[in-house]
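Structure first, then comments.
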């Protein structure tokens, strides 16, 4: 080292002071050459060494090196979420609900009873006029349309050519010989005609127009079957420009029934875009919980053959609703369950009446322990169906509507909760209550109650309790006697549920991404990332399937999309207890770092200023020598 | 760290605009009635000298039950277990008791993020039509509420939890009542719509207890809660009393503090809100017009009636041991193997463990005798 050589008498001092960053090196330097401290204090002949500066700085550098390690180690693990994909998806879903709508196709078949009418009645131009006119009358709803004239030996068709449409030959079949007023028979006949040769899948509807026989009165009558077809009889195809009239009536049937499930929406398409929610859990399941309530077992005790009821009446409904919602059934019998309101005796009707205003308080939540499901997990949705058997002193019990008339069903529903109906033991007005008999209700006895329950299930899911017939336009429906829900009604529910699920999944994912962005300290496990990715993939699959028209596949994909999105959002590991204000962070880190860093930084500053001074001395020394 | 970067804040502000796309098409701001009621009653302090907090919560529980909210719609969190004492003639159904009342559990109840195994009675199963009453009592201070003497919840965390509830549409309207010292500060950070927040005292004020019971030896109720309960004493489910009349009934001289409420996030005016909207329970009713005519079910007689579909298909973490037991009973052939396997998998493992230990001890002894010094 230059300084050491020049200052033989300061060897011990400098070698001893090498390791320390103190400033007493200045003294030997000033004692060089001339030995006069004052004169040499402001100059030096050699540039100051950088060793001490280097050492001091290396300590600080060590701390600086540690900063990225500290940053990385205190980083919370956040699985990468595809924020942009989520936002894009949400925007797509929100902007165009057309993207979610499962398509509907309608196939109109004109046929005639008169055997000599083969070709010529309905030309291609005529069929096209019908198609065009239908599109105009369809109020903006999107229907794929195909119109066919089915004559004795040939068919003429216009419109989209898809393989599912009904085959030719309706005119040759027995259709025109059967009694067209027997709705059930016609329904079964048409179904058996079609089902072997075409696939009756979701969204594909057929309407058969049968020309009226000559001499028959021209009263149009439309009947909607319980599968996916309807028929119109008594149509007059001989008047000029009949196409428009027929098309408008067909469009009415198609829109009101096939598309909207019996609901007339005045606002047209816009109202339909508001998707009502269905009482289902996030996984698309629901538990139907049936309870038989004995108000006063001292009067009579009722038990029921619920297993047979479930097997005979409910299972077909559950099976047909499988693509929409997965149901499971539970039942129980409860005793000593009085209702929470009082009824008054009406002499004229010879019945105890509960006014409609009191119905909200009918369910006695304290005594009716309805929610005792052992199989329901935390995320299940339970729909309660309570069948109330009144005590002897309030029997027969009826519900009186606000208009004053008696309810025919003695039942009501509460949206999202379930339904209640009253079963009056037969002849209970005459029975004396001093014998407490024990009875078991067979499925035959419960048949009227089950009809009410089916109507209540339909109401809970947004369908009218029964087919909404229109006497003005003579539109009637064939009730689905076995299942309780017609196939085209299942389609309506499927469409609604698919749209609801996709919207719910998009909004859930958006909420999740908002939440995650606003809490930068929150740990995001891999699981959440996986759920989000699979939810987005399923939503895309649902959209592509719905474009194709695969109802079941689209509905299943939408269900999965929503289920995964909810699983991601409700992951128990996301906790919002993560608000760390700056004061807290400061309070945590200050005791760790400040005492040590303070010394190091002060040392660096002192060393730096000393170095600067020495350098200036050297400068002056240099100038002096020059 | 605690600072949101500019990029994140830009993203956040853009994301805030997206909900506009979800606004109902052509929705007029008409008010629809709620469909169900929930109540979450929380007492956050334990020990005998905080008896009054538990008494507050329990008496409000009784009131709310009397006015019609069913037990399965009430979540009762008590930090100390007075209600389940064997001497209590009318025990309450306490959902969270003792050390389960923590900030984490409380926030889990609000946001709905539970472990899959948590039972339904411990969950807030509300939906977008629910009116929720949230009542909290205990010791509090400036922008915090103390839980169990060991942790606290800050007003910001509470506001974030409400925001998450709003995101997931877990409430229609929310009434938050807090009876602690400086209770109104807990509401200062709220920002989600549909919330009405009431506090028993302002910042810098204490909330006082009402009276002392000589037998019990401690104060038995707080003033704010006492006057609230007094208001409800003469009401029943059909009452038309509004929240405005409730708030007017509090007098600062009797409370010895100033009751404060925050209604800027609440859509309705207080003179139109019935107290039974939050403290009672009314079901929305739709009459069933007609039965489904023509419904006959299956025609054919069933020869072999099947049981109802198995409910075990619900995905749930199922413990394996009981199923193994059933298999053991049915399977006669490899009974011994199954038995041993069942024993090993069963919760009660004492005998095999004992056998194992003895075998180990024997082996050690044998080996030390056979190979001494090894």
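Residue numbers (the working numbering), protein chains in the order written: chain F, 151 to 776; chain Z, 8 to 381.
Where a beta carbon is used, it is the ideal one built from N, C-alpha and C, also for glycine.
Looking at chain Z, is there any beta carbon in it that lies within less than 7 angstroms of the beta carbon of residue 565 of chain F?
yes
Terminal residues of the continuous beta strand (DSSP E) containing residue 172 of chain Z?
It is not in any beta strand (DSSP E) - residue 172 of chain Z instead sits in the alpha helix (DSSP H) that spans 162-174.
Return helix, strand or coil for residue 189 of chain F, following the three-state DSSP convention.
Summary for residue 189 of chain F: the model assigns pLDDT 45, below 50, so the residue's position carries little reliability; its value from the coordinates is reported in the next sentence. If DSSP states are grouped into helix, strand and coil, residue 189 of chain F belongs with the helices.
Would you list, in sequence order, the uninterrupted alpha helix (DSSP H) runs of no fewer than 4 residues that lie entirely inside the region 465-512 of chain F?
465-470
Could you check what DSSP says for residue 661 of chain F in three-state terms: helix, strand or coil?
helix
Roughly how many whole angstroms lie between the Cα atoms of residue 313 of chain Z and residue 456 of chain F?
For residue 313 of chain Z, the predicted structure reports a pLDDT of 40, less than 50, and the residue's modelled location is therefore unreliable. A value from the coordinates is still provided. Distance between the alpha carbons of residue 313 of chain Z and residue 456 of chain F: 12 angstroms.
Measuring only the C-alpha atoms, how far is residue 531 of chain F from residue 431 of chain F?
5 angstroms
Using Cβ-Cβ distances below 9 angstroms, what residues of the region 187-221 of chain F are close to chain Z?
none
Residue interval of the beta strand (DSSP E) (run including residue 734 of chain F)
It is not in any beta strand (DSSP E) - residue 734 of chain F instead sits in the alpha helix (DSSP H) that spans 732-775.
Under 7 angstroms between C-beta atoms, does residue 293 of chain Z make it to chain F?
yes
Tell me, to the nearest whole angstrom, how far the beta carbon of residue 592 of chain F is from that of residue 462 of chain F; I am working on the premise that it is less than 8 angstroms.
Not a contact, Cβ separation roughly 11 angstroms.
So with CB distances below 7 angstroms, who are the chain F contacts of residue 121 of chain Z?
528, 722
Paired residues, beta bridge with residue 550 of chain F - DSSP
F:505, F:556
Secondary structure, beta strand (DSSP E): runs of 3+ residues fully inside the region 330-383 of chain F
354-361, 371-374
With DSSP as the reference, label residue 296 of chain Z as helix, strand or coil.
coil
Starting from the N-terminal side, write out each stretch of the alpha helix (DSSP H) that is 4 residues or longer and does not extend beyond the region 178-242 of chain Z.
230-240
Between residue 127 of chain F and residue 379 of chain F, what straight-line distance do the alpha-carbon atoms span, to the nearest angstrom?
The requested residue 127 of chain F does not occur in the structure, where chain F is confined to residues 151 to 776.
Could you tell me whether any Cβ in chain F is nearer than 7 angstroms to the Cβ of residue 430 of chain Z?
Lying outside 8 to 381, the shown extent of chain Z, residue 430 of chain Z is not represented and no answer is given.
Cβ distance (whole Å) where residue 343 of chain F is taken to contact residue 320 of chain F below 8 angstroms:
7 angstroms
Can you name, in chain order, every residue of its own chain whose Cβ lies under 6 angstroms from the Cβ of residue 374 of chain F, other than the five neighbours on each side?
380, 407, 627
Can you find a C-beta in chain F that's less than 7 angstroms from the C-beta of residue 174 of chain Z?
yes
Taking CB distances under 7 angstroms as the criterion, tell me whether residue 684 of chain F reaches chain Z.
no
Considering residue 115 of chain Z, what are the terminal residues of the alpha helix (DSSP H) in which it resides?
110-118
Let me see if you follow: with CB-CB separation under 7 angstroms, is residue 492 of chain F close to chain Z or not?
no
Extract the residue ranges of the beta strand (DSSP E) inside the region 257-332 of chain F, only unbroken runs of 3 or more that lie entirely within it.
293-300, 305-309
List the endpoints of the continuous alpha helix (DSSP H) containing residue 780 of chain F.
Any answer about residue 780 of chain F is impossible in this case: the structure gives chain F only from 151 up to 776.
Boundaries (first-last residue) of the beta strand (DSSP E) holding residue 435 of chain F
435-444
7 angstroms is my cut-off, CB to CB: does residue 372 of chain F come that close to chain Z?
no
With a threshold of 7 angstroms between beta carbons, is residue 708 of chain F in contact with chain Z?
no
At least 3 beta-carbon pairs within less than 8 angstroms: the region 225-240 of chain Z vs the region 297-304 of chain Z:
no
First and last residue of the beta strand (DSSP E) that includes residue 536 of chain F?
532-539
Grab me the residues of residue 566 of chain F's own chain with a C-beta within less than 7 angstroms of its C-beta, minus the 5 sequence neighbours each way, in chain order.
429
Residue environment, residue 63 of chain Z, which counts as buried when at least 16 other CB atoms sit within 10 Å
buried
Considering only the beta carbon of each residue, do residue 541 of chain F and residue 446 of chain F sit closer than 7 angstroms?
yes
Let me see if you follow: with CB-CB separation under 7 angstroms, is residue 239 of chain Z close to chain F or not?
no
From the DSSP secondary-structure annotation, give me the bridge partner or partners of residue 255 of chain F.
F:294, F:354
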